[in-house]
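The next block holds one structure in the form of structure tokens; read it before the comments.
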Amino acid sequence: MHKLFTLCWLGILTTLSTNVYAEEEDSDLPEWAEERIEPFRESVGNWVDNTSRNIDGFFGTDDHMQVNNESYLRLGQEIDWMEGEGTRGDTSLRYRIDLPTSEDRLRLIIESDPEESQGTLEEQGSGRLANDQRDRRSSTLGLNWLESRDKRVNWSNRVGAGVRLRLPLDPYVRFTSERLWQLGEGPWQLESNNRVSWFNNEGYSARTRWDVGRPLSDSRHLRFITTVQWREEEDKLEYSEIAELNHRINRRSALRYSAIAIGESASNPRMTNYYLQTRYRRDIHKGILFADVIPELHFQREVSYDPRWAMTLRLEMYFQRTISRDYF
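Reading the sequence shown from the start, the letters are residues -22 to -1, 1 to 306 in mature numbering (1 follows the signal peptide of the UniProt record, and there is no 0).
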């Protein structure tokens, strides 16, 4: 596995700088790297698709081989550097098994890395989730009951229950509610996403996110995101404010510019971190291999708001039988 990612990084470093604007191509990789990646991608993608459909056929209906299946497996390699803290590297595996032919509103879901295990708002907001904060034992098996409501007209609710797959088994219950409003006759939209959950081993958690944004052009979108989160395990209220400009450079490259403020505590509110972030994301190879370069400048309370640089390099490969570019 490490050899595969090494080949990918070598191909990226030797060709990315000369191919950024070569939009007639679907890949930045040299031929020798593509010849090694494609058979591996096809083999694993077919296995993921066949496995999920076989499980779906057991729990669902005879249509499991014909319907669209959104199961995927993602392999990632990440290198994080923070000024004063050094460099850390990690290889990760994430997956989601979707079973669409189970009852119309009742869906069986198997996934890794549930939202509740993804760290603090600071880690989630930066996209630089510390490796030692990820819970490698956080895969879940559960049932989701879905309301057939359009969130542009009514609140769309989802109730889920299941277990976290580790010993001892960790039962959970989760409620999620979403709503989308068009603000007047203009281009602004307001979206609300709210979640309350309970895990037997960690207690209750709650999160509300409000996202207001508008397109500025065909390739640019402006967003302002407010998030508040509380977790019983830490008994700490966290909140974040994000101003974000997304720029789609072309069909294979995008930039995101963000200004982020993180705070905590309800009784004694204080800001703990301000930072600026730029994220460059590139479709390296045919909608399955992506590279991220994320430089940041932090002003943290714990170091008296002295500026500190950070950098993340990330490589991700997605496996499905049908190639999708929705991961951009």
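Backbone N, C-alpha and C fix where the C-beta goes; we use that ideal spot for every residue, glycine too.
Please classify residue i: does DSSP put it in a helix, a strand, or coil?
i, result
"A108", "Here A108 scores only 40 on pLDDT, less than 50, and its place in the model is too uncertain to base an answer on."
"D27", "helix"
"L(-19)", "Reliability of the predicted coordinates at L(-19) is poor, the pLDDT of 46 falling under 50, and no value is obtained from them."
"V151", "strand"
"V137", "strand"
"N32", "helix"
"E9", "helix"
"E242", "strand"
"R198", "strand"
"R286", "strand"
"E180", "coil"
"R144", "coil"
"E156", "strand"
"E3", "coil"
"E210", "coil"
Can you pull the DSSP bridge partners for residue i?
i, result
"Y258", "L233 and V271"
"R187", "N171 and T205"
"Q298", "Answer is none; Q298 lacks a bridge partner."
"N122", "R85 and G138"
"I57", "G67 and L291"
"F18", "Answer by DSSP bridge pairing: none, since F18 is not bridged."
"G162", "In the DSSP output, where bridge partners are listed per residue, G162 has none listed."
"N251", "I240 and Q278"
"I266", "None, per the DSSP bridge assignment."
"P193", "H199"
"L51", "Y73 and F297"
For residue i and residue j, which I take to be in contact (beta-carbon distance under 8 Å), what is that distance rounded to the nearest angstrom?
i, j, result
"T250", "Q278", "7 Å"
"R142", "Y150", "6 Å"
"E222", "R201", "4 Å"
"R52", "R72", "5 Å"
"H225", "S243", "In fact, because the Cβ distance is near 35 Å, the residues do not count as touching under 8 Å."
"G164", "R152", "That belief does not hold up - the Cβ atoms of G164 and R152 are roughly 34 Å apart, past 8 Å."
Could you pull the start and end residues of the beta strand (DSSP E) that residue i belongs to?
i, result
"I220", "K214 to N228"
Can you check whether the C-beta of residue i is within less than 8 Å of a C-beta belonging to chain D?
i, result
"Q167", "This model lacks chain D altogether; it includes just one protein chain."
Three CB pairs or more closer than 8 Å across the region 247 to 264 and the region 20 to 31: Touching, no.
At least three beta-carbon pairs within less than 8 Å, the region 152 to 160 to the region 121 to 138: Because the criterion of three Cβ pairs below 8 Å is met, the region 152 to 160 and the region 121 to 138 touch.
Touching by the beta-carbon criterion (3+ pairs, under 8 Å), the region 282 to 290 and the region 58 to 65: Touching, per the Cβ criterion.
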